[in-house]
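Residue numbers (our numbering), protein chains in the order written: chain A, 1 to 312; chain B, 1 to 332.
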Amino acid sequence: MEDKNIKEETNWFARAIDSDIFYSFTRSKLVMVAAFVTFAYFFIALFAPILATQNPFDLGSLDLMDGLTPPAWQEGGSSKFLIGTDDQGRDLLSAIMYGSRISLAVGFTSVFCAALLGISLGLISGYFGGFIDTLIMRIADIQLTFPSILIALLIDGTVSALFPEVRREDSAFWVLVLAISLSFWVQYARTVRSSVLVEKEREYVQAAKLIGLRPFIIMLRHVLPNVLGPVLVIATINLALAIITEATLSFLGVGIPVTQPSLGTLIRIGQDFLFSGEWWITIFPGVALAIIVLSVNLVGDWLRDALNPKLR
Amino acid sequence: MSDTILVKVENLDRLFDVSKPLLNRIIEHEKRQFLRAVDNLSIEIKQGETFALVGESGSGKSTVAKMVVGLLEPTKGRIEIDNLDLSDKNKVKELRQMRSEIQMIFQDPFASLNPRWRVEKIVSEPIIAFNLESENEAIIKRTGELLSLVGLAPSDGRKFPHEFSGGQRQRICIARALASNPKFIVCDEPTSALDVSVQAQILNLMRDLQDKFGLTFLFISHDLSVVRHMANRIGVMYLGRLVEVADTKSLFKNPRHPYTRMLLDAIPDLEMSGKERKPIEGEIPNPINPPTGCTFHPRCPLANERCKREIPASFNIDGNEVTCHAVEEGRS
Numbered sequence: 001m002e003d004k005n006i007k008e009e010t011n012w013f014a015r016a017i018d019s020d021i022f023y024s025f026t027r028s029k030l031v032m033v034a035a036f037v038t039f040a041y042f043f044i045a046l047f048a049p050i051l052a053t054q055n056p057f058d059l060g061s062l063d064l065m066d067g068l069t070p071p072a073w074q075e076g077g078s079s080k081f082l083i084g085t086d087d088q089g090r091d092l093l094s095a096i097m098y099g100s101r102i103s104l105a106v107g108f109t110s111v112f113c114a115a116l117l118g119i120s121l122g123l124i125s126g127y128f129g130g131f132i133d134t135l136i137m138r139i140a141d142i143q144l145t146f147p148s149i150l151i152a153l154l155i156d157g158t159v160s161a162l163f164p165e166v167r168r169e170d171s172a173f174w175v176l177v178l179a180i181s182l183s184f185w186v187q188y189a190r191t192v193r194s195s196v197l198v199e200k201e202r203e204y205v206q207a208a209k210l211i212g213l214r215p216f217i218i219m220l221r222h223v224l225p226n227v228l229g230p231v232l233v234i235a236t237i238n239l240a241l242a243i244i245t246e247a248t249l250s251f252l253g254v255g256i257p258v259t260q261p262s263l264g265t266l267i268r269i270g271q272d273f274l275f276s277g278e279w280w281i282t283i284f285p286g287v288a289l290a291i292i293v294l295s296v297n298l299v300g301d302w303l304r305d306a307l308n309p310k311l312r
Numbered sequence: 001m002s003d004t005i006l007v008k009v010e011n012l013d014r015l016f017d018v019s020k021p022l023l024n025r026i027i028e029h030e031k032r033q034f035l036r037a038v039d040n041l042s043i044e045i046k047q048g049e050t051f052a053l054v055g056e057s058g059s060g061k062s063t064v065a066k067m068v069v070g071l072l073e074p075t076k077g078r079i080e081i082d083n084l085d086l087s088d089k090n091k092v093k094e095l096r097q098m099r100s101e102i103q104m105i106f107q108d109p110f111a112s113l114n115p116r117w118r119v120e121k122i123v124s125e126p127i128i129a130f131n132l133e134s135e136n137e138a139i140i141k142r143t144g145e146l147l148s149l150v151g152l153a154p155s156d157g158r159k160f161p162h163e164f165s166g167g168q169r170q171r172i173c174i175a176r177a178l179a180s181n182p183k184f185i186v187c188d189e190p191t192s193a194l195d196v197s198v199q200a201q202i203l204n205l206m207r208d209l210q211d212k213f214g215l216t217f218l219f220i221s222h223d224l225s226v227v228r229h230m231a232n233r234i235g236v237m238y239l240g241r242l243v244e245v246a247d248t249k250s251l252f253k254n255p256r257h258p259y260t261r262m263l264l265d266a267i268p269d270l271e272m273s274g275k276e277r278k279p280i281e282g283e284i285p286n287p288i289n290p291p292t293g294c295t296f297h298p299r300c301p302l303a304n305e306r307c308k309r310e311i312p313a314s315f316n317i318d319g320n321e322v323t324c325h326a327v328e329e330g331r332s
C-alpha cells in the first residue's frame with residue numbers, strides 16, 4: 001500500500017498520460033493537429049531571430065530595390081524571398097515570423113494582465129459581497145459598454161498627450177496590452193465571482209474560518225484553487241481573441257507602428273497594394289493570423305469540453 | 001459529566017435582512033424585511049454532556065450552531081464559553097486561544113473537505129494554524145495518530161477526499177475537528193447525509209471519543225432516534241424558539257409540549273406495538289411573518305384565544321422546561 005502510493009507520487013508523467021484529459025486529447029485528431037500547429041507557432045515565434053533570413057525591424061538591412069517582389073514561384077520572384085516582399089523590401093516570411101512574435105507577446109501579456117485583474121477583483125467581489133461587490137460589478141457593467149477599440153484609442157490619445165516625448169514604438173506594445181486587458185478582465189471577474197459565491201458557502205471554507213484563518217489566506221489557499229478550472233478555459237479562448245483584437249487595432253493604425261510590423265500591421269500595409277495586384281502582402285499574414293487563431297480556439301474548445309465533467 | 005457549565009447562551013436573537021434591494025423598496029414603497037431565525041433563546045450546556053437541538057427544517061437549529069462557534073454574529077444576546085464572552089472585543093488574545101477549543105463537524109461530508117487537498121494536509125491545517133506543533137515530523141506523527149483515532153490508517157493521509165466514502169469522509173472531518181484538542185464540538189446534523197448502517201458507526205465513534213477526551217457536544221439533528229441514542233438533554237426548537245428542554249429519558253417518556261408530542265408520534269415504532277403512527281400535520285409557517293402569540297398555535301390541537309395573543313413564558317414541570325399556555329393551565 002505504502003509503496004504503491006509513493007510510486008504514484010513520483011511518476012507524475014505516467015499519471016498525466018493515464019489521465020482522463022490526456023485520453024480525451026488522444027481521441028480527437030483535430031485537437032492533436034491544432035495543438036501541434038499552436039506549439040509549432042510558439043516555437044517559430046520564439047526562435048524567429050534564428051530562423052528568419054532577415055531582421056525586418058532593422059531598417060538599415062532593408063533595400064528599397066527589393067520592394068514588392070512577388071513570391072518565388074511567380075514571374076519576377078526571387079528565391080531569396082520565398083513569399084515575396086512588401087513595399088519596403090522586407091522579406092514577408094521573416095516579417096510574419098517577427099510579427100507573430102509581437103502578436104503572441106501582446107496576446108499572452110494582455111491575457112495574463114486581464115486574468116490577474118479579473119481573478120483578484122472577482123475573488124474580492126464574491127468573497128466579501130455587499131457594497132464592494134456591487135461597486136466592482138457595476139464598474140464591470142460600465143466597462144462592458146466600451147468596445148476595446150475605443151479604449152485603445154482613448155489610452156493611445158492620453159499617452160501621447162501626457163508624455164509627448166515617448167516614442168510611439170516604445171509605448172505601442174503597452175498601450176495595446178492595457179487596452180486589451182481592460183476590455184477582457186470583466187469576463188474573468190464575473191466567472192470567478194459566480195464560482196466563489198458557490199465555493200464560499202461550502203463547508204470546507206467554513207471549517208477554515210473556524211480555525212481563525214484570515215479571509216485573505218482562505219481566499220488564496222481554499223477558494224482560489226477551486227475556481228481556477230473555468231478561468232483556464234477562458235484564458236485559452238481569450239488568447240485567440242486578444243490576438244485578433246491586436247490585429248484589428250494594428251490594422252486600424254492604433255496598434256503596433258509600421259517600423260515593427262505585427263500581423264495586423266502587415267495586413268494593413270498590404271491593403272494599399274491589394275488592388276494593384278500585389279496580393280501576397282495581405283494574404284500571407286492574413287492566412288498566418290487565421291491559422292494561429294483557429295488552432296488556439298480549437299484547443300480552447302477542447303479544453304472546455306475536457307474539463308467539464310458533465311460532458312465526459 | 002460534571003456540574004460545571006461550559007456553554008452558556010443567553011437571550012440569543014438573530015435577524016436576517018431579507019429586504020429587496022434599495023431601488024425596489026423605494027419604487028414599490030416597501031419596508032425593510034427581517035427574518036427572525038432565532039428568538040430569545042437561552043441554553044446551558046454542562047461540561048461533558050451532549051445537548052441536542054431538534055426541530056423541523058427552518059426552525060433555526062443550524063443558525064444557533066453557527067453562532068455558538070462564531071461563524072455568525074448574534075444580533076442580540078450573549079454566548080459564554082468557559083466563562084469567556086465571545087463578543088468581548090477586549091479579550092482578543094484569549095478568544096484566539098478559545099477558538100482552538102471549539103470545533104464543528106458539518107452536515108455534508110462531501111462539501112466539508114477541500115477537494116484539492118490531501119487528507120493529511122486537511123487534518124494538519126488546524127495543528128499548524130494554532131501552532132500546536134512546530135516541527136514537521138511532529139505534525140506528521142500527530143496527523144497519523146488522529147487518523148488512527150478515528151479508525152483510518154495513517155497511510156490514508158496521502159489520499160485525496162474523493163477516494164473515500166461518505167462515512168470515511170465524516171471520520172476525516174472528525175479527525176480534523178479533534179486536531180486542535182477541543183473541549184466543545186458542535187455537530188450540525190453529522191449523520192443525516194449517511195446510510196443508516198454507517199450512521200451508527202459514526203455515532204458510536206463520536207461517543208467513544210467523548211468518553212476518551214471528555215468532550216462536550218452540541219448536537220443538531222432532526223432525527224429523534226439519533227438524538228435518543230446520543231443526547232443527555234434535548235431542546236426542542238420551533239420557529240426560532242425553544243419550546244421544551246428536558247432530559248432525554250423524560251422527554252421520550254413524558255413529552256409535555258404539544259409540538260414535542262407531535263414529533264414523537266411520527267417516529268416509526270420499532271417495537272411494533274401496534275400503535276398508530278401519526279404523520280406531522282401542517283408545515284412550519286413563514287418566519288418572515290410568524291403567527292402572533294405562541295407561534296405554534298395554527299398547528300396546535302390545544303390552542304385557544306390566549307395562545308393567539310400572548311407569547312408563552314417557559315416554566316418548569318417535573319424537570320421539563322416547557323413553553324406552553326395549555327400545559328401551564330393543565331388543559332393538556
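The beta-carbon is built from N, C-alpha and C at its ideal position, and this holds for glycine as well.
- Assignment of beta-bridge partners to B:Gly235 by DSSP yields B:Leu53, B:Val245.
- The beta carbon of B:Ala246 sits closer than 6 Å to the beta carbons of Asn320 from its chain, once the five residues preceding and following it are set aside; these are given in chain order.
- With a 10 Å radius around the Cβ and a threshold of 16 neighbouring Cβ atoms, A:Trp185 comes out buried.
- Scanning the stretch 66-115 of chain B for uninterrupted beta strand (DSSP E) segments of 3 residues or longer gives 76-81, 102-105, listed from N- to C-terminal end.
- As summarised for the stretch 176-216 of chain A, the continuous alpha helix (DSSP H) elements at least 4 residues long and confined to that stretch are 203-210, given in chain order.
- Only His222, Pro225, Asn226 from the stretch 215-233 of chain A bring a Cβ to less than 8 Å from some Cβ of chain B.
- Using a Cβ distance threshold of 8 Å, A:Ala240 and A:Ser181 do not count as a contacting pair.
- Taken through DSSP and simplified to helix, strand or coil, A:Ala72 comes out as coil.
- Selection B:Arg142, B:Val243, B:Phe217 evaluated against B:Pro182 yields B:Phe217 as nearest (Cα-Cα).
- B:Gly240 is a Cβ neighbour of B:Asp39, given a cutoff of 8 Å.
- Within the model, the alpha-carbon separation for A:Ala242 versus A:Tyr23 is close to 29 Å.
- Classified as exposed, A:Trp73 has fewer than 16 neighbouring CB atoms from the shown chains inside 10 Å of its CB.
- The C-beta distance from A:Ala235 to A:Leu289 rounds to 20 Å, too long to meet the 8 Å contact threshold.
- Bounds of the beta strand (DSSP E) holding B:Asn11 are 5-17.
- In terms of Cα proximity to B:Ser57, the closest of B:Leu71, B:Glu44, B:Ala37 is B:Ala37.
- Counting the other Cβ atoms within 10 Å of the Cβ of A:Thr245 gives 16 or more, which makes it buried.
- Runs of the alpha helix (DSSP H) spanning 4 or more residues and lying entirely within the stretch 100-181 of chain A occur at 130-144, 148-162, in chain order.
- For the stretch 34-53 of chain A, the set of residues with a beta-carbon nearer than 9 Å to any beta-carbon of chain B is empty.
- In summary, the residues of the stretch 176-201 of chain A whose CB is separated from some CB of chain B by less than 9 Å are Glu201, in the order they occur in the chain.
- For B:Gln103, the chain A residues whose C-beta falls within less than 9 Å of its own C-beta are Ala207, Leu210, Ile211, listed in chain order.
- Its Cα nearest to that of A:Leu266, the residue A:Ile283 stands out among A:Gly277, A:Ile283, A:Ala35, A:Phe275.
- Between B:Val69 and B:Val186, the C-beta gap is smaller than 8 Å, which places the two residues in contact.
- Residue state for B:Cys187 is assigned as strand, using DSSP reduced to three classes.
- Taking 8 Å as the CB threshold, B:Asp108 lines the interface with chain A.
- Below 8 Å, too few C-beta pairs join the stretch 28-37 of chain A and the stretch 51-71 of chain A to call them touching: fewer than three.
- For the stretch 123-144 of chain B, the set of positions with a beta-carbon nearer than 8 Å to some beta-carbon of chain A reads Glu125, Pro126, Ala129, Phe130 in chain order.
- For B:Leu218, the enclosing beta strand (DSSP E) has its first and last residue at 216-221.
- Judged by their CB atoms, B:Pro258 and B:Ala266 are not nearer to each other than the 8 Å cut-off.
- Shortest Cα-Cα distance from B:Cys307 to any of B:His325, B:Gly157, B:Gln107 involves B:His325.
- DSSP, read as helix, strand or coil, puts A:Ala40 in helix.
- One alpha carbon belongs to B:Glu137, the other to B:Met104, and they sit about 26 Å apart.
- When Cβ pairs closer than 8 Å are counted between the two stretches, the stretch 121-133 of chain A is seen to touch the stretch 191-198 of chain A, the count reaching three or more.
- Neighbours of A:Glu203 in chain B, taken as residues whose beta carbon is under 8 Å from its own, are Phe106, Gln107, Asp108, Ala111, Ser112 in chain order.
- Beyond the five residues adjoining it in sequence on each side, A:Glu169 comes within less than 7 Å, by CB distance, of Pro257, Thr259, Gln260 in the same chain, given in chain order.
- With a threshold of 8 Å between beta carbons, B:Pro190 makes no contact with chain A.
- Contacts with chain A at 8 Å (Cβ-Cβ) include B:Pro115.
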